[in-house]
Structure formats: structure tokens, C-alpha cells
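This report refers to the structure that appears directly beneath it.
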Amino acid sequence: MKRQAVVVIDFGGQYNQLIVRRIRNLNVYGVLLPSNSDIEKIKSFDPIGIVFTGGPSSVFAENAPCVAKEVYSLGVPVLGICYGMQLIAKDFGGNVEHAEIREYGNTTVNLLKSPIFKGVEGESVCWMSHTDRVCTLPDGFEVTASTKTCPIAAFSDEKRKIYGVQFHPEVVHTQKGNEVLKNFLYEVCHAAGDWKMNDFADEKIAEIRKKVGDKKVLCAMSGGVDSAVAATLVHKAIGDNLTCIFVDHGLLRKDEAKQVMRVFKDEMGMNLTKIDASEKFLKDLRGVKEPEKKRKIIGRDFIEVFADAAKEIGKVDYLVQGTIYPDVIESGLGNSAVIKSHHNVGGLPSVVDFEELIEPLRELFKDEVRAVGLEIGLPKDIVMRQPFPGPGLAVRIIGNITRKKIKINQEADAIFREEIALAGLDKVIWQYFAVLTGMRSVGVMGDERTYDYTIALRAVTSVDGMTADWADIPHDVLAKISNRIVNEVKHVNRVVYDVTGKPPATIEWE
Ligand code: XMP
0 MKRQAVVVID FGGQYNQLIV RRIRNLNVYG VLLPSNSDIE KIKSFDPIGI
50 VFTGGPSSVF AENAPCVAKE VYSLGVPVLG ICYGMQLIAK DFGGNVEHAE
100 IREYGNTTVN LLKSPIFKGV EGESVCWMSH TDRVCTLPDG FEVTASTKTC
150 PIAAFSDEKR KIYGVQFHPE VVHTQKGNEV LKNFLYEVCH AAGDWKMNDF
200 ADEKIAEIRK KVGDKKVLCA MSGGVDSAVA ATLVHKAIGD NLTCIFVDHG
250 LLRKDEAKQV MRVFKDEMGM NLTKIDASEK FLKDLRGVKE PEKKRKIIGR
300 DFIEVFADAA KEIGKVDYLV QGTIYPDVIE SGLGNSAVIK SHHNVGGLPS
350 VVDFEELIEP LRELFKDEVR AVGLEIGLPK DIVMRQPFPG PGLAVRIIGN
400 ITRKKIKINQ EADAIFREEI ALAGLDKVIW QYFAVLTGMR SVGVMGDERT
450 YDYTIALRAV TSVDGMTADW ADIPHDVLAK ISNRIVNEVK HVNRVVYDVT
500 GKPPATIEWE
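Numbering that gives the first Met the number 0 applies: residue 0 is where the sequence shown begins, and numbers increase by one.
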């Protein structure tokens, strides 16, 4: 079934993916395309609407990103947000100026009569973040919103169905933002609202069944949400013709490997084999202290172990990967510096003898993957799992890794997780875990001097892991966790709480 799509053109704004997610949450399939996409690419989605994102540039700057002008003559409604609005103004002969007063943060905006403001006319608080602003309207446009310092805070050309808003309807701080986007989709683009996760799961399963038939499929399971949902969709489609391999590198959290085997093999009946490769990983990691070196070794070993297992199975027709939409989005602007080389299972295709990749989650954001997971009956604690790095505890044990240190980390982490869940905080904290610092210090226990390890507790709130705030855990909960860890975990005599955001820190310690 072909779904309606809205194309979002990326001008490098920090909320670009958020716009697509908001659109999808309103049951319309949104796709993000770089601003330099050619018109044929844009047309290939047969969009019912086009949205321009914000961006850091000034429309008059040299190399300012622009979009193929033909978008305006497709007969498809256009909504420009912030930079997107200024670009529309420029493209239609209006004027944009550098405002003397920068508008930033919550701003009262007076929304006038316009299809995109249907039901939300009048004053409301909107989120602004701009220095430039439209100062002269292009021909055919009229003002549809203003603020005290920005007379043209929104405009529209009803005839051509082109709209612009200076504020950001996609961020939660804009009180009526969701209604504005909804109006654009349903009042202006006349969307059918045909993007729904339960339909998605059923259709995907049918599609995989039709495509694969009785051919053989292989999947690397990590126990993480993406590979779990991808494998389950394929399993529901083709049953035992799917073989899953789970490489246990010995750096998982306490009882995690057991849980994966219980849920997927015992309860769901998947054809799943666990390979205990912890000896190899630990041997290769022996004495290695440098975080990037650890990541490289684990990435390499993982591929080697998987390749050996795949060789035994022989040639397969398809390889399943849990690639999700943020992994495939080509961003509009810029290359960021590599802070950490995150590895997933990206290198597998080069070592497995297969015909074609199956990536059932390629179009989905993480929250959509979770919705599909619940839809197809995966247990909540698997689907809602917090993110866990590919290199596992290797980047949560500072310095060299030994079995003893892994055990200390696992025990402390298990207590932390248990207490956070007991306090009902597991739903509000995005990621939380124990770090075994490389530091030892002096303590006193039962009148005896101790010289033992320090555990750091790390807990953050975040939306996507790109930025994060440290979580404000109540002191009594922290006290209980600390107490239990020093009492129950051997070789720990001190517990500290990390109160640093990202930036300047990162979420993981290594
Ligand atoms: P950082 O530490 O970079 O983490 O702030 C951001 C998010 O990414 C996860 N992370 C990793 N995930 N391989 C992964 O698959 C890695 O090497 C890796 N390092 C960090 C981290 O857990 C957080 O969710």
C-alpha cells in the first residue's frame, strides 16, 4: 500500500528530526531530505506537503542552503519554519534583515486568521530562536502573526498554499505547536492519517513473507531493542527459516544474556544460538586501557566471531539488520567531529555470504520501533530497555578489564537498576548505570582499613542521547543505593554521583 508522505527539507536546524517525528505522531509519514536534494528525489515521494526546517545560516550568507525552486510549482503546500520562512521570503522577492533584538525563548505571539492557526487564533506562547527576520512581505503574501518585536512572525499566500512561521511549532514550548502542524497536515494538505504502527507491523510481516518465501535468513541478535524487534518481525513472517546468532562478549549487564535466551528462544521459540565468546574478548582486551582501542577490538572481535558462526551455517539468502531511520538520514549540513566511534553491527555484511539485506526498521524512529515491538507482543522490559552501548561494560569499566572488575560493575549496576525501578524512576530517567572508576581510595569498615574501588552512578535525562542532563534523583534513593552497594558488593568502599551534563561530559565515561 502506498502511503501519503510529507517531505521535510533539512536546512541544518537542531530540531529537524523532531519535525519529522511530530508529523509521524500525527499519523502522517514524514521523511527528511537534505536541502540539496534534486527535485526528482523530492517528487519521488509524491508528497502531499513540504516542510522547510530552521537552520543556523542567514539566507543572504554565501553558501546559504537553498532548495530546488521547482518545489514551489509542484502544486503542493509548503510550510517554512524559521530559516525556512526566511528562505520563502527571499525566493519570492521579500526582504530579510538582521534584527537588532534577537528573539530567543518563550515569546507571546498573536496568531491571526489562517488555515494553519484554525482553532488557536489569538495570543499564545511560542518558542523563538532567531536573529534574522522577514521585514518586507513578498507579493501575494499577508501577515498572519506578529510579536511585539517581530511584526511579521508568520505569513501566507493562500492562493499558492505557501506558509511561513518564524517560531518553532515542533518544540513542546510552543503551546499550540502541535495544533499548527496538525492544521497544516489536515486542513491544508488534507492528509488521510494513514501512518499507523499496527498497520506497519502487519504489512511488514506480509511483505517479508512474500519476499523471502522459504529462503534462509540470518540475524545477529544483540538483545537491544532494534535487533530484537527486527528479528521478531522476520520470525513472525518466516518462522524457523530465520536463524539468529547472539554473540555474548561477556560484557553484558548481570543476567542479560540469560534474559535474551529465555525470551527469544524459550518463550518465543526462535531458532537462536548463543555463542559464548567472552574468553576471546577478554584475552584480546587484556591490558588495554584506551577507550577507542577497546571499541576497535570489540568491534573487530564481534565481526570475527559472527563470521565464523555464519560460515558454519553456509550461504544464506538474506541478512537482517536492525538499522533505524536516524542511522540512514543524510544530514543537511556539516560533518561533526568523531567523539567516540560507536560501532553496531555495521561491518557484518562484508563477512557474511548472503544475497540481500533485510532492514525492516529502516523507516522508523526509536519511539516507533518501540511501538511496533509492543504491537507484536514483545515484553515491555525488552521494548522499553534503556540504550546499551555495543562495547557494553568495557566502556563502563575505566582502564583495563578483568573478570573481577566486570563482576563488581555488574553487581553494583544491578542494585542501582533495582532501586531506580523500585522508586518508580525507571520511566523518567533515560539512561542509568554504574561505572567502575579506575580509582581506589581508603575507607573504613568494621574498624578495618580498606583500600577499594569507587563506583560512580550515572543517570541522565535525554531525548536522543545527543545532549543530556544529569537526573535529579532524590537523596533518600541515592542514600539507599549507596548503602546497598558498599554493603553488598565486595571491593567497593565509595560511591559517588555524577552531576555533569552532556556537554561538556559524555553520557558514558569512556
Ligand atoms: P555518549 O557517551 O557518546 O553516549 O554521550 C551517547 C549514547 O550512545 C551510547 N554509546 C554507544 N553506543 N556503541 C554504541 O552502540 C558505542 O561505542 C557507544 N558509546 C556510547 C551511550 O550508551 C548513549 O546512549
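Cβ atoms here follow ideal geometry from the backbone N, Cα and C, with glycine treated the same way.
Take residue i as the anchor and find which of the options has the nearest alpha-carbon.
{"i": "V350", "options": "G372, V498 and K314", "result": "K314"}
{"i": "Y317", "options": "K404, C243 and H248", "result": "C243"}
{"i": "H150", "options": "H490, V95, G238 and D198", "result": "Per the sequence shown, the amino acid found at residue 150 is Pro instead of His. Among H490, V95, G238 and D198, the Cα nearest to that of P150 belongs to V95."}
{"i": "E410", "options": "R252, P502, R384 and L373", "result": "R252"}
{"i": "K279", "options": "P325, I400 and T272", "result": "I400"}
{"i": "S36", "options": "D213, F10, G376 and R448", "result": "F10"}
{"i": "G53", "options": "Y82, I41, I38 and H474", "result": "Y82"}
{"i": "E507", "options": "V459, L86 and R361", "result": "V459"}
{"i": "I47", "options": "V5, Y496, G346 and P378", "result": "V5"}
{"i": "P325", "options": "Q3, G464 and K1", "result": "G464"}
{"i": "V498", "options": "I472, V485 and E509", "result": "I472"}
{"i": "V119", "options": "D156, T130, P168 and V441", "result": "P168"}
{"i": "K282", "options": "V427, K293 and I381", "result": "K293"}
{"i": "A200", "options": "Y103, L373, G104 and P64", "result": "L373"}
{"i": "M267", "options": "R448, G238, D254 and A455", "result": "G238"}
{"i": "I381", "options": "A504, S226 and A422", "result": "S226"}
{"i": "D307", "options": "K158, A219, P390 and L477", "result": "A219"}
{"i": "V519", "options": "G222, A413, G321 and G121", "result": "Since the displayed the chain opens at 0 and closes at 509, residue 519 lies outside it and no answer follows."}
{"i": "K89", "options": "P64, V75 and V211", "result": "P64"}
{"i": "Y71", "options": "D275, D156, K501 and K203", "result": "D156"}
{"i": "N105", "options": "G139, H189, R384 and G176", "result": "G176"}
{"i": "F432", "options": "R2, E362 and V495", "result": "V495"}
Where DSSP assigns a beta bridge to residue i, which residues make up the other side?
{"i": "F305", "result": "DSSP, once it has assigned bridges, lists no residue as partnering F305."}
{"i": "R132", "result": "E96"}
{"i": "C125", "result": "T106"}
{"i": "S164", "result": "Correcting the residue identity first, residue 164 is Val in this sequence and not Ser. Answer by DSSP bridge pairing, in chain order: I80 and A153."}
{"i": "G500", "result": "Answer is none; G500 lacks a bridge partner."}
{"i": "A467", "result": "K501"}
{"i": "I396", "result": "L435"}
Between which two residues does the alpha helix (DSSP H) containing residue i stretch?
{"i": "V187", "result": "Per DSSP, V187 belongs to no alpha helix (DSSP H) and is neither H nor E."}
{"i": "D451", "result": "Counting along the chain, D451 falls outside any alpha helix (DSSP H), though it belongs to the beta strand (DSSP E) covering E447 to T460."}
{"i": "D357", "result": "For clarity, residue 357 is Ile in the given sequence; the question names Asp instead. It is not in any alpha helix (DSSP H) - I357 instead sits in the beta strand (DSSP E) that spans E355 to I357."}
{"i": "V371", "result": "K365 to E374"}
{"i": "I8", "result": "First-last for I8: A4 to D9, but that is the beta strand (DSSP E), not the alpha helix (DSSP H)."}
{"i": "Q409", "result": "R402 to L421"}
{"i": "V382", "result": "K379 to V382"}
{"i": "I22", "result": "N15 to N24"}
{"i": "D326", "result": "Y324 to V327"}
On the DSSP letters alone, give me the boundaries of the beta strand (DSSP E) that residue i sits inside.
{"i": "A152", "result": "Neither: A152 is in no beta strand (DSSP E) and is coded neither H nor E."}
{"i": "N492", "result": "V491 to Y496"}
{"i": "E432", "result": "The identity of residue 432 in the sequence shown is Phe, whereas the question assumes Glu. Unbroken beta strand (DSSP E) run through F432: Q430 to M444."}
{"i": "P578", "result": "An answer regarding residue 578 cannot be provided, because it is not within the stretch 0 to 509 covered by the chain."}
{"i": "Y317", "result": "Y317 to V319"}
{"i": "G79", "result": "V77 to I80"}
{"i": "V142", "result": "E141 to S145"}
{"i": "V476", "result": "Note, V476: premise wrong, no beta strand (DSSP E); alpha helix (DSSP H) at H474 to E487."}
Is there a Cβ from chain D that is less than 8 angstroms from the Cβ of residue i?
{"i": "E278", "result": "No chain D is part of this structure, which consists of one protein chain only."}
Short check: CB of residue i to CB of residue j, under 8 angstroms?
{"i": "S481", "j": "Q430", "result": "no"}
{"i": "I49", "j": "I8", "result": "yes"}
{"i": "K235", "j": "E186", "result": "no"}
{"i": "K339", "j": "E418", "result": "no"}
{"i": "V327", "j": "A229", "result": "no"}
{"i": "L284", "j": "A191", "result": "no"}
{"i": "V216", "j": "L241", "result": "yes"}
{"i": "H490", "j": "I407", "result": "yes"}
{"i": "V108", "j": "T146", "result": "yes"}
{"i": "Q85", "j": "V133", "result": "yes"}
{"i": "I115", "j": "N182", "result": "yes"}
{"i": "I397", "j": "G442", "result": "no"}
{"i": "M127", "j": "Q174", "result": "no"}
{"i": "G12", "j": "V19", "result": "no"}
{"i": "V304", "j": "V246", "result": "yes"}
{"i": "I323", "j": "V368", "result": "yes"}
{"i": "L73", "j": "K112", "result": "no"}
{"i": "H129", "j": "E99", "result": "no"}
{"i": "T453", "j": "R493", "result": "yes"}
{"i": "V233", "j": "I207", "result": "yes"}
{"i": "V435", "j": "R402", "result": "At residue 435 the sequence reads Leu, which differs from the Val that was named. It is not a contact, given that the beta carbons lie outside the stated cut-off."}
{"i": "Y162", "j": "V77", "result": "yes"}
Segments assigned beta strand (DSSP E), at least 3 residues, entirely inside the segment 212-287:
When DSSP assignments are scanned along the segment 212-287, the uninterrupted stretches of beta strand (DSSP E) that are 3 or more residues long and fall wholly within it turn out to be 216-220, 241-247 and 271-275.
For the segment 27-71, list the beta strand (DSSP E) runs that are entirely contained and at least 3 residues long, ordered along the chain.
DSSP runs (the beta strand (DSSP E)) wholly in the segment 27-71: 28-33 and 48-51.
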